[in-house]
Amino acid sequence: MNAVRSSDIQAQLKVAERRLLTAPRRHLLDGLGWANGVPGRPGIYAIWATQHNTLVYVGQTANLRARCTDLGRLPNHSFRRMAARRLGIARDEGEVALSKAMATLFTISFMPFAYGRAEFEEYLIMRHRRTLWNKTARRIAFSGHERHRQDRRRL
Numbered sequence: 002m003n004a005v006r007s008s009d010i011q012a013q014l015k016v017a018e019r020r021l022l023t024a025p026r027r028h029l030l031d032g033l034g035w036a037n038g039v040p041g042r043p044g045i046y047a048i049w050a051t052q053h054n055t056l057v058y059v060g061q062t063a064n065l066r067a068r069c070t071d072l073g074r075l076p077n078h079s080f081r082r083m084a085a086r087r088l089g090i091a092r093d094e095g096e097v098a099l100s101k102a103m104a105t106l107f108t109i110s111f112m113p114f115a116y117g118r119a120e121f122e123e124y125l126i127m128r129h130r131r132t133l134w135n136k137t138a139r140r141i142a143f144s145g146h147e148r149h150r151q152d153r154r155r156l
């Protein structure tokens, strides 16, 4: 069996990243059937702030359509909670006000991606962390040198 070279993996990640970043976008929560046509398959999604065309959130899921519908419910999606905080929309103002704001301010792109979704998500978070609202994943935050320093502090 041939060993996979790191440079091959990096090249594949860059191709996948380019596909996601250039995928067609649709406005979030833009009407009742806004998620129609989103495949019910595993994949990666990217949320964009429309004003500056800035990538603000990436996520991975076992079911893209189900995850998109989660974006419409505050308890179900961390991006929705972050958007409510950042936009200054209080819980008592309601889900409708938040959905209207999100439909105006954000778009989403997605692509099916069956294997290695979590690793691809981490790769995207590391590459775009300056603009993302995502928290750095624990797997990234405590990898390599940082993990070694954490382990030494416990001693």
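Be aware that the sequence shown starts at 2, since it is given in the working numbering, and climbs by one per residue. Backbone N, C-alpha and C define an ideal beta-carbon position, used for all residues, glycine too.
Neighbourhood of residue i by C-beta distance below 8 Å, restricted to the same chain and skipping five residues each side
i: H129; result: L56, V59
i: H78; result: R68, D71, L72
i: L1; result: Nothing can be reported for residue 1, as the shown portion of the chain is limited to 2 through 156.
Residue i versus residue j: straight-line alpha-carbon distance, rounded
i: D93; j: N135; result: 25 Å
i: F121; j: G95; result: 34 Å
i: R26; j: W49; result: 9 Å
i: D9; j: T62; result: 24 Å
i: L158; j: Q11; result: The chain is shown from 2 up to 156; residue 158 falls before or after that span and cannot be answered.
Selection from the options that minimises the alpha carbon distance to residue i
i: R20; options: N37, F114, M103, R6; result: F114
i: H28; options: A63, T51, L133; result: T51
i: N54; options: T108, M127, K15, F121; result: T108
i: Q13; options: R118, T132, R131; result: R118
Residue i, buried or exposed, once every other Cβ within 10 Å from all chains shown has been counted against 16
i: Y116; result: exposed
i: T105; result: exposed
i: L33; result: exposed
i: R86; result: exposed
i: T23; result: exposed
i: A36; result: buried
i: R81; result: buried
Cβ-based neighbour list, residue i, same chain, cut-off 7 Å, excluding 5 preceding and 5 following
i: M83; result: W134
Sequence-distant residues of its chain with Cβ nearer than 6 Å to residue i (five each side left out)
i: I90; result: A98, L99
i: L30; result: G73, S100, M103, A104
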